[in-house]
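Residue numbers (our numbering), protein chains in the order written: chain A, 11 to 687; chain B, 2 to 220; chain C, 611 to 923.
Next comes the structure, spelled out in structure tokens:
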């Protein structure tokens with residue numbers, strides 16, 4: 011265990027050092043990648059060891075930062091799940107990054123990106139290992155800052171700078187909330203989680219509520235829960251794609267981890283409204299996230315909004331766990347939590363894959379705008395096939411892993427309908443409806459994402475000239491695609507482990523509810539079962555038999571290749587195709603009351619007759635509400651105050667000296683007034 | 002009849018009565034609205050008769066018969082005459098669109114379920130199970146009155162509100178003395194006549210029965 | 611008979627009955643409209659013809675276009691292994707419940723929509739966009755109706771739901787049960803492309819949903835897709851027939867019982883087909899933007915079904 015821990019830390023640290031020392035050539039690139047892969051392997055081994063063995067790994071380093079109480083690390087089941095999902099995405103991302111960063115060879119950003127990537131991986135892997143406020147906040151801030159620098163890698167684009175500002179602002183606001191939460195529990199300063207647990211037990215109810223709300227704001231911001239998600243659709247597209255994959259696949263999950271660590275572990279659960287709050291935020295994020303994803307034309311922004319949706323879905327499960335725990339429905343709580351954890355792991359796999367796919371598209375065509383893409387399946391067969399697999403998984407379709415966790419979440423919410431309180435029952439019914447709507451819209455969204463990007467006729471010369479990506483980038487995607495398959499087929503083996511992790515958190519003895527029967531997974535009461543392996547195998551066999559039968563019995567005449575039928579039009583151009591915007595149009599109209607798009611049509615008529623039209627220009631935009639009603643006023647107010655303060659900055663030395671004297675006099679006056687010496 | 006059966010039947014009957022209200026939100030045409038109201042009144046009469054049979058109370062039978070006669074046959078006929086006179090104005094642009102109205106209707110029913118839970122828990126009658134749906138109908142009818150523009154639709158919303166109250170009374174207390182019920186009927190009939198006159202006047206003044214026109218009276 | 615054979619037997623029966631069901635609905639509709647109509651076995655002839663014909667594929671289409679028919683067909687056939695068409699409990703009953711059935715069908719829709727986009731035809735794109743819109747909006751209704759059913763049976767397991775109604779026949783008329791039936795019936799209309807959501811007999815491009823998506827298909831690919839569509843209709847009908855009124859379904863596996871089950875299934879399918887024919891004769895197609903109203907009405911029915919189940923606990 012210790013060896014694996016040190017392997018992980020030294021791996022990442024070596025990678026960071028290699029980037030600094032070895033220059034900006036291929037050697038540095040590959041050395042740092044290799045070291046990162048070794049680090050990720052160490053992390054995965056460590057997590058697997060804790061998950062399988064069940065024993066807690068701990069390591070204290072009191073000499074590091076001794077004046078503040080020293081650093082301490084320990085890894086329990088919950089942390090292991092999150093360390094595992096981080097390491098799962100880390101290795102493929104590093105591999106992919108090696109190919110992606112080739113364009114930066116010989117430029118200073120190569121050095122910076124390699125260093126920061128390894129620091130990011132290191133600090134993110136240490137977050138779930140941190141045992142104590144000091145260690146936790148250090149790692150947390152390290153993760154935030156290194157990811158900020160990664161987002162800013164290509165800072166020469168103006169949009170990147172804006173995205174960085176949003177990201178930094180939201181992150182630091184979250185950090186302030188977390189500091190507040192930790193200080194409320196243990197006012198004395200740094201403490202280990204064990205000490206926090208003991209202190210939390212003695213807190214009055216009001217303080218506990220306050221701590222929880224602060225944790226929801228602080229961690230929810232990192233997780234991207236609506237309305238704290240605003241940085242996500244800005245920062246994810248701006249970052250290099252393997253960094254987006256890491257941020258979306260792993261980093262936002264750390265918000266979920268923190269919420270579980272503080273809410274369930276340290277505070278030990280709370281009143282029912284905690285659960286209702288998290289379910290509410292989750293349902294909101296899920297539905298709004300997917301609705302915004304649907305209307306997005308920028309492939310990476312679409313994926314970013316889809317991450318908001320998936321975090322919402324995870325939060326539904328987490329909220330249900332809180333709620334059931336407060337109602338003493340412990341097996342149901344453990345089940346809901348296991349389902350949420352499984353979805354977190356699954357999302358890491360397929361979202362990582364999809365971001366890398368989007369990155370490959372960006373790399374090959376230079377655009378993220380789906381209205382300029384299309385037809386890439388011919389130029390980039392590998393990327394297309396892998397992206398398709400990711401799309402099927404994220405759309406929650408059987409037999410892939412997205413469906414498995416979606417199924418589990420549906421089943422996990424079901425016991426809530428039986429809750430004695432009508433309010434809880436109604437809440438669960440609404441949550442179920444929202445979850446189902448989210449699933450349906452996600453399917454539509456990913457038909458669009460894959461279909462418009464990869465199928466049909468290329469909509470721009472860049473898309474027509476697209477080429478397949480480097481092997482290292484493909485390798486990264488293949489690893490995650492394989493992970494999707496393994497997570498689905500092996501779900502019957504993984505779920506009992508997750509159940510064992512979830513059970514102690516909600517106050518059940520260790521093995522937790524039984525979620526497995528042979529090759530099938532089942533609900534805690536054993537009444538509903540499902541087997542992705544058997545369904546997948548059945549599907550495979552049926553498709554194979556159908557294929558053989560058609561090959562054997564149907565007409566043997568060869569395929570004739572013709573032109574697409576088009577009502578007698580002479581030539582087909584890409585302008586005739588459905589675009590990304592057109593695809594989403596029906597849903598945009600149906601949910602118009604929610605989107606409230608601004609529309610601007612101007613028609614240029616022929617000078618002689620209004621019946622002939624020269625040109626029509628149509629412009630429509632959707633500005634999310636939250637930004638209009640929540641953030642815009644705050645930003646405007648801040649700006650206003652900043653401008654007032656600016657008046658102090660006269661630039662005259664005399665004025666500054668006057669400020670100094672005034673401050674000194676005031677300070678002295680205050681000392682005299684309070685009677686100190 | 003076993004009490005379980007009565008519980009089931011009162012939920013079933015109340016659901017049908019409530020569906021009449023929700024149909025108002027769904028459909029646009031006046032004829033469909035009148036149809037929904039007729040359907041609702043018949044379902045209400047049937048539910049009353051069922052409760053009367055279970056409770057062995059002849060008065061409820063009488064009320065049910067009266068209801069069938071007045072609201073199931075009489076008022077729909079009158080309404081159809083009004084429709085013929087004013088021409089069928091469809092509820093084309095309600096304040097809240099149809100799909101949203103339906104969803105709000107559903108939420109109102111869930112709200113009714115939550116708020117009536119304490120009320121239901123103190124009752125011992127097997128018919129108590131339908132009470133949340135009756136309150137739900139009251140909410141839905143109020144929503145119809147608020148969100149629709151045509152005077153005729155609003156009159157129907159008002160009549161449905163009364164149906165909801167009658168349903169609540171029957172399920173919650175096994176009926177109201179027939180004297181009270183007749184009094185309420187007269188009240189409603191009077192209200193209906195007043196509204197008919199009102200609608201007629203609106204039509205005379207504005208050539209339309211869209212109550213949005215009333216905003217013009219301020220000027 | 612070995613129990614595992616039941617799956618293939620069910621699939622075979624379903625595959626055999628499905629074109630007949632579509633033919634019967636067309637025939638009944640024609641009769642109701644005082645037309646002579648084509649005979650009920652016409653779809654069999656059409657399938658045979660299509661399998662024998664040459665395939666024309668668009669030059670813009672990729673491998674996905676050629677793989678999609680097999681995935682659509684395969685996912686629908688897989689569903690027939692899980693749904694209790696003839697007997698409960700099924701040998702593979704533990705492999706998939708009602709949710710698996712719904713999402714396997716959605717998998718087919720997903721690939722069909724992608725195949726619609728693939729040739730780059732505006733009609734295909736339009737069909738795909740509309741089909742996914744309708745499918746997405748139908749999801750919440752389906753989920754709530756499933757849970758109204760599962761609430762009674764304690765499980766989303768299909769066999770369990772059917773067995774419970776068999777053991778407590780009075781439950782078949784319980785309000786929650788009836789409302790859930792109505793909700794799923796409306797979803798069936800939307801999901802299988804029937805009036806008033808989509809017109810299965812139109813070939814006017816601008817009003818089509820399903821037909822627009824598959825406009826580019828021909829020959830054996832079209833045959834597979836048509837067969838899968840008929841099968842999907844059969845699956846929804848048998849969910850309606852066998853979950854809500856499971857009488858006739860075999861609970862012991864003997865040839866006699868299975869034959870009886872196949873007979874009753876055919877009768878139920880005919881009855882529901884008659885209802886569809888009647889509905890399609892009486893109502894006109896809705897505008898696409900009125901479809902959400904229909905689906906929210908079905909959602910309300912499902913919501914009331916769940917509420918009714920709450921009230922009666």
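The C-beta atom is built at its ideal place from N, Cα and C for all residues, glycine as well. Source: prediction; values computed, not measured.
Problem set entry | residue 628 of chain C versus residue 166 of chain B - alpha carbon distance | 49 Å
Problem set entry | beta strand (DSSP E) runs contained entirely in the segment 629–676 of chain C, provided each spans 3 or more residues | 666–668
Exercise. Which residues, taken in chain order from the segment 598–631 of chain A, show a beta carbon closer than 8 Å to some beta carbon of chain C?
Worked result: 599, 600
Problem set entry | Residues that DSSP places opposite residue 379 of chain A in a beta bridge | A:308
Exercise. Residues of chain C with a CB under 8 Å from the CB of residue 388 of chain A: which are they?
Worked result: 672
For this session: Take residue 99 of chain B and list the residues in its own chain whose beta-carbon comes closer than 8 Å to its own, dropping the five residues that flank it on each side.
Result: 26, 27, 29
For this session: For residue 630 of chain C, I'd like the list of residues in its chain whose CB is within less than 8 Å of its CB, leaving aside the five on either flank, ordered along the chain.
Result: 650, 651, 653, 654
For this session: Flag this pair as touching only if the segment 727–743 of chain C and the segment 754–763 of chain C have three or more C-beta atom pairs under 8 Å; answer yes or no.
Result: no
Problem set entry | Nonlocal neighbours in the same chain, by C-beta distance under 7 Å from residue 113 of chain B, ignoring five residues either side | 133, 136, 137, 140
Exercise. So the beta strand (DSSP E) residue 625 of chain A belongs to, where does it begin and stop?
Worked result: 623–631
Exercise. Which partner residues does residue 71 of chain A have in the DSSP bridge list?
Worked result: A:81
Problem set entry | residue 884 of chain C versus residue 189 of chain B - alpha carbon distance | 43 Å
For this session: Below 7 Å between beta carbons is the criterion; list the residues of the segment 107–124 of chain B that meet it against any residue of chain A, in chain order.
Result: 111, 114, 115, 118
For this session: Consider the Cβ of residue 304 of chain A: report whether some Cβ of chain B lies at a distance smaller than 8 Å.
Result: no
Exercise. Who are the neighbours of residue 101 of chain B on chain A, taking C-beta pairs under 8 Å?
Worked result: 603
Exercise. Is the CB of residue 139 of chain B under 8 Å away from at least one CB in chain C?
Worked result: no
For this session: Could you name the residues of chain A that residue 649 of chain C contacts, counting a contact when the two beta carbons are closer than 7 Å?
Result: None at all; the shortest Cβ gap to chain A is about 24 Å.
For this session: Tell me, please, whether the CB atom of residue 13 of chain B is closer than 8 Å to any CB atom in chain C?
Result: yes
Problem set entry | Residues that residue 27 of chain B contacts on chain C, provided the C-beta gap is smaller than 9 Å | 903, 904, 906, 907, 910
For this session: Quick one: using the 10 Å Cβ neighbour count with 16 as the cut-off for buried, is residue 477 of chain A buried or exposed?
Result: exposed
For this session: Output the distance between the C-alpha atoms of residue 737 of chain C and residue 821 of chain C, rounded to the nearest integer angstrom.
Result: 7 Å
Problem set entry | the segment 297–314 of chain A in contact with the segment 440–453 of chain A per 3-pair CB rule at 8 Å | yes
Problem set entry | Residue span of the alpha helix (DSSP H) that contains residue 531 of chain A, given as start and end | Careful: residue 531 of chain A lies outside any alpha helix (DSSP H), inside the beta strand (DSSP E) at 530–532.
Exercise. Counting only beta-carbon atoms, is residue 549 of chain A nearer than 8 Å to chain C?
Worked result: yes
Exercise. Start and end of the beta strand (DSSP E) containing residue 570 of chain A?
Worked result: 570–572
For this session: For the segment 757–784 of chain C, enumerate the residues whose C-beta is nearer than 7 Å to any C-beta of chain B, in chain order.
Result: 784
Problem set entry | Near-chain C residues of the segment 405–430 of chain A - C-beta to any C-beta below 9 Å | 405, 406, 407, 408, 409, 413, 416, 417, 420, 421, 423, 424, 427, 428
Exercise. Taking all protein chains shown into account, do 16 or more other C-beta atoms lie within 10 angstroms of the C-beta of residue 688 of chain A, making it buried, or fewer, making it exposed?
Worked result: Here chain A covers residues 11 to 687 and nothing more, so residue 688 of chain A does not appear.
Exercise. Out of C:765, C:660, C:741, C:716, which has the shortest C-alpha to C-alpha gap to residue 427 of chain A?
Worked result: C:765
Exercise. What residues match up with residue 721 of chain A in a beta bridge as DSSP calls it?
Worked result: Any question about residue 721 of chain A goes unanswered here, given that chain A covers just 11 to 687.
Exercise. Around the Cβ of residue 86 of chain A, are there at least 16 other Cβ atoms within 10 angstroms (buried) or fewer (exposed)?
Worked result: buried
For this session: Can you grab the Cα-Cα spacing for the pair residue 901 of chain C / residue 691 of chain C, in whole Å?
Result: 31 Å
For this session: Indicate whether residue 596 of chain A and residue 743 of chain C have their beta-carbon atoms separated by less than 8 Å.
Result: yes
Problem set entry | chain C contact residues for residue 23 of chain B, given Cβ-Cβ distances below 7 Å | 910
Exercise. Quick one: does residue 694 of chain C have its CB under 8 Å from some CB of chain A?
Worked result: no
For this session: At 4 residues or longer, and completely inside the segment 73–126 of chain B: list those alpha helix (DSSP H) runs for me, N to C.
Result: 76–87, 99–123
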